[in-house]
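Presented below is the structure to which this report refers.
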Amino acid sequence: ECQAQVQAQVNSAPVRPSPNTERSLGKEPASGGYDGKCVFCRIARREEPGTALLPSQYEDLVCFRDIRPGAPHHYLVVPVEHMGNCKTLKSEHVPIVKRMMEVGKSVLQKNNFSDLNDIRMGFHWPPFCSISHLHLHILAPASQLGFLSRLIYRINSYWFITVSVMRFFRGFQLQAENAMSF
Ligand SMILES: [Zn+2]
Ligand SMILES: [Zn+2]
Numbered sequence: 001e002c003q004a005q006v007q008a009q010v011n012s013a014p015v016r017p018s019p020n021t022e023r024s025l026g027k028e029p030a031s032g033g034y035d036g037k038c039v040f041c042r043i044a045r046r047e048e049p050g051t052a053l054l055p056s057q058y059e060d061l062v063c064f065r066d067i068r069p070g071a072p073h074h075y076l077v078v079p080v081e082h083m084g085n086c087k088t089l090k091s092e093h094v095p096i097v098k099r100m101m102e103v104g105k106s107v108l109q110k111n112n113f114s115d116l117n118d119i120r121m122g123f124h125w126p127p128f129c130s131i132s133h134l135h136l137h138i139l140a141p142a143s144q145l146g147f148l149s150r151l152i153y154r155i156n157s158y159w160f161i162t163v164s165v166m167r168f169f170r171g172f173q174l175q176a177e178n179a180m181s182f
């Protein structure tokens, strides 16, 4: 659903978030809890029968297909608890982001996609996503992204940011750097 929003934003010359946007984003709970108005909170608690949850090896994370896939495989990995968007991530969130990536990789493998060099994982940098609940996009094969998807999920554009670059921006310090090659 956020893809449509992103597309609209991309078409109309993206602008920096206004002070109002910042203020409203700042009101989002940073972590924990349940927001009944948030579609990802409802999906994570199986309150959206139209969205099937895919297997996840972690109880606090869920995975499901993006309703507007930008590639043959397009999954979203989401914490069950409402967490704000990637802008609110700090170094203490490194473990959960790593686990989100693990869930994405296993879902790809369970769906018979094994070339982990040909995948794209990242977050939409606010305000280019309409859903504030933290979600990691998993797309594959990266080499088969269509024109629009290439734009929307362009590596390290200022609206889509891969985990490795976000780590750099946010001062993430990871020891297992080489365990995260993509
Ligand atoms: Zn939520
Ligand atoms: Zn998104």
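The numbers in UniProt numbering rise by one with no breaks, and the one at position 111 of the sequence shown is 111.
Ideal Cβ positions, reconstructed from N, Cα and C, are used throughout, including at glycine.
Ligand 1 never approaches D60 closely enough for any of its heavy atoms to be under 7 Å from the residue's Cβ. No heavy atom of ligand 2 is found nearer than 7 Å to the CB of C38. Put simply, of S56, F40 and Y158 the residue whose alpha carbon is nearest the alpha carbon of L134 is F40. Between I67 and the set Q57, V78, T51 and I161, the nearest pair of CA atoms involves T51. Within the segment 77 to 141, the complete beta strand (DSSP E) segments of 3 residues or longer fall at 120 to 124 and 136 to 140, listed in chain order. Shortest Cα-Cα distance from H74 to any of E81, C63 and M83 involves C63.
Taking each of N111, P126 and K105 in turn and checking the Cα distance to I119, the smallest one comes out for K105.
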